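The opening residue of the sequence shown carries number 1 in UniProt numbering; numbering runs sequentially from there.
Cβ coordinates follow ideal geometry from the N, Cα and C atoms, glycine included.
All values derive from a computational prediction rather than experimental measurement.
To keep things clear, I will list the structure first and then write my remarks on it.
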Amino acid sequence: MDNSNGGNILNRWSGRPYSERTLATDLLLGYLSTLLTKRADLKLIFMSSTSLESEKFKEHFQEHYPSIHIMKVPGRLHPVEIVYTSDEEVDRNNYLDAVTKTVVNIHRHEPPGDVLVFLSEEGEVEDACNKISKEICNLKNLVGPMKLVPLYSCLPATMQHKIFEPCSGRKIVVTTNIVESSLSMDDISYVVDSGFVKKKVFDNKLNMECLVTSTISKASADMRSEHAGRTISGKCFRVYTEESYKNNRDQEICPEILRLRVCLI
């Protein structure tokens, strides 16, 4: 916005993928809508690794940009088998134990292939790594070698890059939703999806932002499962029931602009 004010000429601008909608990016898109009425020469290109809400973006910009088109470059996605839990007792209070059990069972019984585990926040990532390590160590010679790799935004870059380092056994990457739509890893054969995410919401009663744990949307669940089919066919183990996926989850990800105060930016 600063680049296009005060008589400056905006020639080029780039930002994060539009599938990662933040309060800042939505406000910027609103500003660009207004700018299009003054800059007929301006061309906007939105790119994303997913096709989420592409029709909504097209409809929004079509008034001032009637020639807008959606171009899809399909990648090759291998078959992914979805496996739901049959345990209806799994909820936000005990799903970490269910995730640990699922990962250990994969390492014991499934063919070779790396594992990607989605949890809701950093503390859970560390707890899960400790639990998984302890359980697998107790199995001793019953299982092959493995390497646990935690991944979340506050880790130093050197630690985050460990997810790309080769290892002699099975690699188990335990992460938050930061890799959901923005990062691809080769050799992921199995995804373990807790079904939860931690996100910021504005609490009107407290008059402040809060971090709350909530169920993920169907769109998030689908993006998570696709990580198991990037290079080879795989499995996604969802630590929630099929009924929960079909009936208890929103269709799309709720953007920040609908749950945070705009004046906070």
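Contiguous beta strand (DSSP E) assignments of at least 3 residues, all confined to the region 118 to 193: 146 to 151, 170 to 175 and 188 to 193
State the DSSP-derived secondary structure class of D222, mapped to helix, strand or coil. Walking along the sequence shown from the start, residue 222 turns up at place 222. Three-state DSSP puts D222 in a helix.
For V125, which residues from the same chain have a beta carbon less than 7 Å from its beta carbon, with the 5 sequence-adjacent residues on both sides left out? Counting from one through the sequence shown, the residue named residue 125 turns up at place 125. Cβ within range, chain order: L119, P150, Y152, V174, T175 and T176.
Can you list, in chain order, the residues of its chain with a C-beta nearer than 8 Å to that of H60? Leave out the 5 residues immediately preceding and following it. Position 60 of the sequence shown, counted from the first residue, corresponds to residue 60. Taken in chain order, the residues that qualify are L29 and S33.
Can you check whether the CB of H64 is closer than 8 Å to the CB of L36? As a working mapping, residue 36 is identified with position 36 in the sequence shown. As a working mapping, residue 64 is identified with position 64 in the sequence shown. Yes, the Cβ-Cβ distance between L36 and H64 is below 8 Å.
Just list the residues that DSSP pairs C236 with in beta bridges. Here residue 236 is taken as the residue at index 236 of the sequence shown, counted from 1. Paired residue(s): I82 and V191.
For G195 versus V80, is the C-beta distance shorter than 8 Å? Numbered from its first residue, the sequence shown carries residue 195 at position 195. Numbered from its first residue, the sequence shown carries residue 80 at position 80. Going by C-beta atoms, G195 is not nearer than 8 Å to V80.
Per-residue burial, G6 [other beta carbons within 10 Å of its own, 16 or more giving buried]: Indexing the sequence shown from 1 puts residue 6 at position 6. Confidence in G6 is poor, its pLDDT being 45 and thus under 50, which makes the residue's placement too unreliable to answer from.
How big is the Cα-Cα spacing for C137 and V143? Start at 1 with the first residue of the sequence shown, and residue 137 comes out as number 137. Start at 1 with the first residue of the sequence shown, and residue 143 comes out as number 143. Going from the Cα of C137 to the Cα of V143 covers about 9 Å.
Does the separation of the CB atoms of G169 and M146 fall below 8 Å? Position 169 of the sequence shown holds residue 169. Position 146 of the sequence shown holds residue 146. Yes, these two residues count as a Cβ contact at 8 Å.
Between the CA atoms of E180 and N207 - distance to the nearest angstrom: Locating residue 207 in the sequence shown gives position 207, counting from the first residue. Locating residue 180 in the sequence shown gives position 180, counting from the first residue. Cα-Cα distance, rounded: 30 Å.
Decide yes or no for the touch test of the region 235 to 250 against the region 87 to 106: beta carbon pairs closer than 8 Å, at least 3 of them. yes
What's the gap between the Cα of R224 and the Cα of V191? Translated into positions along the sequence shown, residue 224 becomes position 224. Translated into positions along the sequence shown, residue 191 becomes position 191. R224 and V191: Cα-Cα distance of roughly 7 Å.
Taking buried to mean at least 16 other C-beta atoms within 10 Å of its own C-beta, is K164 buried or exposed? If you number the sequence shown from 1, residue 164 lands on position 164. Contrary to the premise, residue 164 reads as Phe rather than Lys in this sequence. By the 10 Å Cβ count, F164 comes out exposed.
Rounded to whole angstroms, what is the Cα-Cα separation between C129 and S217? Indexing the sequence shown from 1 puts residue 129 at position 129. Indexing the sequence shown from 1 puts residue 217 at position 217. So the alpha carbons of these two residues sit roughly 25 Å apart.
Alpha carbon to alpha carbon, what distance is there between I188 and D114? Residue mapping note: residue 114 aligns to position 114 of the sequence shown, counting from 1. Residue mapping note: residue 188 aligns to position 188 of the sequence shown, counting from 1. Taking the straight line joining both Cα atoms gives about 5 Å.
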